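**Student:**
Numbering (my numbering), first residue to last: 161 to 470.
1) Return yes when the Cβ of residue 327 is within less than 8 Å of the Cβ of residue 390, no when it is not.
2) Nearest CA to the CA of residue 257: which residue from 197, 229, 218?
3) Run the CB neighbour count on residue 298, radius 10 Å, all protein chains shown included, and call it buried at 16 or more, exposed below.
4) Taking C-alpha atoms, which residue in 164, 173, 367, 291 lies nearest to residue 453?
5) What does the alpha-carbon distance come out to for the pair residue 220 and residue 259?
6) Mind reading off the beta-carbon distance from residue 369 to residue 449? Whole number of angstroms is fine, and I expect it under 8 Å.
7) Helix, strand or coil for residue 182, going by three-state DSSP, please let me know.
8) Could you spell out where the beta strand (DSSP E) holding residue 190 opens and where it closes?
9) Excluding the 5 residues preceding and the 5 following residue 279 in the sequence, name in chain order all residues of the same chain whose CB lies nearer than 6 Å to its CB.
10) State whether the stretch 409-422 contacts the stretch 384-400, with contact taken as three or more CB pairs (one from each stretch) at a distance under 8 Å.
11) Just the Cα atoms here: how many angstroms apart are residue 207 and residue 175?
12) Tell me the rounded alpha-carbon separation between residue 331 and residue 432.
13) Please determine if the stretch 402-419 and the stretch 258-273 are in contact, where contact requires at least 3 C-beta pairs separated by less than 8 Å.
14) Which residues mark the beginning and the end of the alpha helix (DSSP H) in which residue 468 is found?
15) With a cut-off of 8 Å on the beta carbons, I'd call residue 313 and residue 251 a contact; round off their distance for me.
16) Under the rule that 16 or more other beta-carbon atoms within 10 Å means buried, what is residue 273, buried or exposed?
17) Can you check whether the CB of residue 375 is closer than 8 Å to the CB of residue 531?
18) With DSSP as the reference, please indicate the residues paired to residue 275 in a beta bridge.
19) Look at residue 336 and residue 461 and say whether their C-beta atoms are less than 8 Å apart.
20) Could you tell me the alpha carbon to alpha carbon distance between residue 243 and residue 231, rounded to whole angstroms?
21) For residue 291, tell me which candidate among 411, 395, 185 has the shortest Cα-Cα distance.
22) According to DSSP, simplified to helix, strand and coil, what is residue 408?
23) One question on the structure: do residue 364 and residue 416 come within less than 8 Å of each other, judged by their Cβ atoms?
24) Assign residue 321 to one of two classes, buried (16 or more other C-beta atoms within 10 Å of its C-beta) or exposed (fewer than that).
25) Let me know the beta strand (DSSP E) ranges lying completely inside the stretch 194-270, each 3 residues or longer, listed in chain order.
26) My guess is that residue 240 and residue 302 are in contact by the Cβ rule of under 8 Å, so how many angstroms apart are they, rounded?
27) Looking only at DSSP bridge pairs, what is residue 389 linked to?
28) What is the DSSP secondary structure of residue 367, reduced to helix, strand or coil?
29) Quick check: what's the CA-CA separation for residue 283 versus residue 172?
Encoded structure:
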C-alpha cells in the first residue's frame, strides 16, 4: 500500500493504525468527525497524514482533498459503540447509510479495496471459533446491524466494482486503553487490594493486543483477497477464567479472588474466539504479543496511574 483512506481515524483503532502505516512511509487521508475531542492527536502525526474534518455523509463535498485510486479505504467510523447506546435502534441503523455513503465515495475515487471491520458480538452465542461459516447470534441492535451491514455492503461493493473485505476483531486490549470489561475490573480490584467477584468464567474468549491488530490490518490492506472474511485475534481461544488466573498470579496470588461468586444470568454462555486460518493463509499474519506480555504492560501502566492518584 502507498495511499490509504481511513474513516474514524481519531478512534482507538484508527489512531494506532495510522501510526503503524506511517512507519512504512504510507500516506494517509484521515477522516475525522468535526466535534471529536481527540482529533488533535491526529494532527500531531506529521505531514504524511492529511486530516479532513467532515461527516461521512459530507465526503463528496471534500472530494478534491482526497487522492484518486487509493489502495484501500478502511471504514472504522461507527456511532453507538458505547454500551449505553448499543440498543439505540435509530442510531445503529444510521450506520448502514453512513457505510454505504463511504463506499459510494470510495467508488467515485476508484479505491481498490474497501475494508469493513465487524465484531465478535455478531456471533456471541455461536460457541465455536468464528470464521466465514459462523452463524450470527447477536444480542443487541449493535451486533444485529453489524450482521446486516456485512451482507448489504458486500452486495453494494459488487455493484460498485470494489474489492470488499470483512474483518471481525476480537477483544482488543492495550496499556493505554481502559475498557469496561472483566479483565480491567479484576486488575483494578486486585491492585487496590480488594477481592473481585465474578462468575465461573467458563466461556471461551480471545484477547488481542492492539499492536497485533494494526499489523494484521496492514497485511490485509496489502494482501487481503476480494470477498474474504477474516478474523483478527491471538488465537488463544480458552476459558475466560484462565486469563483471570494469569492476572491473579502476576499481581499477587495470595490475594483473594472470587471466581464463581456471581451466578450466571443466562443458561447460554457467550463466547468471543476466532479462527485465524484464512488470515494466516492469505497474509502470513502471526500474532507476536502474548497475553502474558501484553497484560503485564497493562498492569504496570495501571500501577503507575494508581500511584499518581495517591
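Cβ coordinates follow ideal geometry from the N, Cα and C atoms, glycine included.
Computed from a predicted model, the values in this text were never measured in an experiment.
**Tutor:** On the basis of the coordinates in this document:
1) In contact: residue 390 and residue 327 (Cβ atoms closer than 8 Å).
2) Ranking 197, 229, 218 by Cα distance to residue 257 puts 218 first.
3) Buried, by the Cβ-count rule.
4) Checked all of 164, 173, 367, 291; the closest Cα to residue 453 is 367.
5) Per the coordinates, the alpha-carbon of residue 220 lies some 14 Å from the alpha-carbon of residue 259.
6) Going by Cβ atoms, the distance from residue 369 to residue 449 rounds to 4 Å, so yes, they are a contact pair.
7) Helix at residue 182.
8) Start and end: 187-192.
9) Within the same chain, Cβ atoms closer than 6 Å to the Cβ of residue 279 are found at 306, the five residues on either side in sequence being excluded.
10) Touching, no, given that fewer than three Cβ pairs across the two stretches are closer than 8 Å.
11) Each residue's alpha carbon lies about 15 Å from the other.
12) Answer to the nearest angstrom: the Cα atoms are 8 Å apart.
13) They do not touch, by the three-pair rule.
14) Note, residue 468: alpha helix (DSSP H), 451-469.
15) Their Cβ separation, rounded to whole angstroms, is 18 Å, which puts residue 313 and residue 251 out of contact at 8 Å.
16) That one is buried.
17) Nothing about residue 531 can be reported from this structure: the residues present for the chain run from 161 to 470 only.
18) According to DSSP, which records beta bridges pairwise, residue 275 is partnered with 234, 325.
19) Contact: yes.
20) When rounded, the distance between both Cα atoms is 33 Å.
21) Nearest of 411, 395, 185 to residue 291, Cα basis: 395.
22) For residue 408, the secondary structure class from DSSP, reduced to helix, strand or coil, is helix.
23) Residue 364 places its beta carbon 8 Å or farther from that of residue 416.
24) Classified as exposed, residue 321 has fewer than 16 neighbouring CB atoms from the shown chains inside 10 Å of its CB.
25) Runs found: 209-213, 232-235.
26) The Cβ separation is near 6 Å, so the contact holds.
27) Residue 389 has 326 as its beta-bridge partners, per DSSP.
28) If DSSP states are grouped into helix, strand and coil, residue 367 belongs with the strands.
29) Distance between residue 283 and residue 172, taken at the CA atoms: about 23 Å.
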